[in-house]
Amino acid sequence: MTQDTPQDIAQALAQQHAAMLAGTAIGFEQAQHASDAALSAEHAAVLQACRMLGFVEHDAQCVAAAWHAQTQRTGQFTLTDWPCQPEDFGILPTPRANAFPACPKNLGLYAVLPDAAWVARMAQAGVPTLQLRFKSENEQAIRQEVRAAVQAVQGTKALLFINDHWQIAIDEGAYGVHLGQEDMDDAPIDTLRSAGLRLGLSTHGYAEMLRADAASPSYLALGAVFPTTLKRMQTAPQGTGRLNAYAKLMQHNPLVAIGGIDESRLPEVMQSGVGSVAVVRAITGASDPEAGAQRLQAILEKFSAPSQNRPKTTL
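Using the numbering used here, you'd call the opening residue of the sequence shown number 381 and step up by one each time.
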């Protein structure tokens with residue numbers, strides 16, 4: 381290293397890894413915290429560079445700790461080597477004894493749908509992975525939709541995940557359940573695993589990825605890649621620069637990119653190495669949803685093995 385001060389190192393790091401910027405960049409002065417004084421110059425500089433690049437604090441801390449571990453492991457600190465080795469992030473090796481049942485590495489086109497009628501429609505259209513995201517406060521209505529959705533995929537090759545309603549998903553024999561970070565505190569992970577459910581978990585950056593990975597889920601969802609109005613996000617859109625880094629770090633998991641992805645952005649997203657892309661409006665907002673799904677699948681199949689070899693779903 382030729383840079384002498386933490387400011388020099390931080391600014392050089394932020395410039396070198398500008399593709400990791402999300403949201404609004406901040407200056408070095410804003411990126412300094414009083415607690416940084418207890419760290420080595422390199423560790424503090426990485427932490428400050430991550431803040432300059434718009435990483436939320438817990439993600440910046442994860443990257444800085446991993447960079448420090450990488451430096452300790454390799455014996456050298458370099459500007460260019462963004463950490464991407466699982467051991468530097470404290471990720472346990474695989475396979476793991478506590479892992480959830482596996483799902484395909486490439487889940488393909490993943491349609492997030494509002495009700496069982498949409499599930500039936502897209503299952504018949506050949507969309508390989510479906511999620512029922514049915515919003516209601518009425519438990520009976522939820523159960524009816526989940527049951528109808530589970531029945532709708534029978535005899536097709538579609539894999540059905542239920543958003544949030546894990547107990548009903550177990551009761552009705554769904555293939556899997558998808559949970560957000562906030563749901564992980566309430567859902568009994570051991571119960572879900574014992575029931576044989578596949579588990580997908582949402583993540584929005586390094587800290588959430590590491591927390592989710594520790595549960596050994598069936599897949600991780602990475603997002604939001606681009607701006608979306610469907611959900612209020614606590615973090616800025618991650619962008620494809622970060623997605624590339626996340627996919628490299630978490631390649632031991634099936635990965636699903638989500639958030640603002642449409643047909644025009646699909647090739648760029650798939651170049652990250654994820655095996656699946658989740659879409660909502662690209663299908664439900666299309667003038668011809670079946671034709672739209674076919675176009676999306678055609679793009680996906682250029683990057684990964686097609687899903688047609690799956691056995692049909694049966695009870």
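For glycine and all other residues, C-beta sits at the position ideal for the given N, C-alpha and C. Quantities reported herein were computed from a predicted structural model and do not represent experimental measurements.
Within the region 462 to 524, the runs of alpha helix (DSSP H) that reach at least 4 residues and sit entirely inside it are, in chain order, 496 to 504.
When beta bridges are read from the DSSP output, ASN543 appears opposite HIS558. Straight-line spacing of the CA atoms in HIS545 and ALA479 works out to 21 Å. The Cβ neighbour count for ARG573, taken over all protein chains shown within 10 Å, is at least 16; the residue is labelled buried. Between ILE638 and SER582, the gap from beta carbon to beta carbon is short of 9 Å.
Annotated as distal: LEU489 and VAL499, with beta-carbon spacing of 9 Å or more.
When Cβ pairs closer than 8 Å are counted between the two stretches, the region 389 to 405 is seen to touch the region 430 to 438, the count reaching three or more.
Beyond the five residues adjoining it in sequence on each side, THR620 comes within less than 7 Å, by CB distance, of VAL605, GLU648, VAL649, SER652 in the same chain, given in chain order.
Short of 6 Å from the beta carbon of ARG523, and not among the five residues preceding or following it, lie these beta carbons of its own chain, in chain order: ILE548. Using a Cβ-Cβ distance cut-off of 8 Å, the region 467 to 474 and the region 610 to 626 are not in contact, since fewer than three pairs of beta carbons, one from each stretch, lie closer than that value. At the C-beta level, LEU646 and ILE679 come within 9 Å of one another. VAL526 sits in a helix when the DSSP states are folded into three classes. For ILE679, the enclosing alpha helix (DSSP H) has its first and last residue at 669 to 680. At a Cβ-Cβ threshold of 9 Å, LEU602 and MET613 do not count as neighbours. Residue pairing of GLY580 in beta bridges, as defined by DSSP: HIS558, TYR599. Here PRO634 is buried, its C-beta having at least 16 other C-beta atoms within 10 Å.
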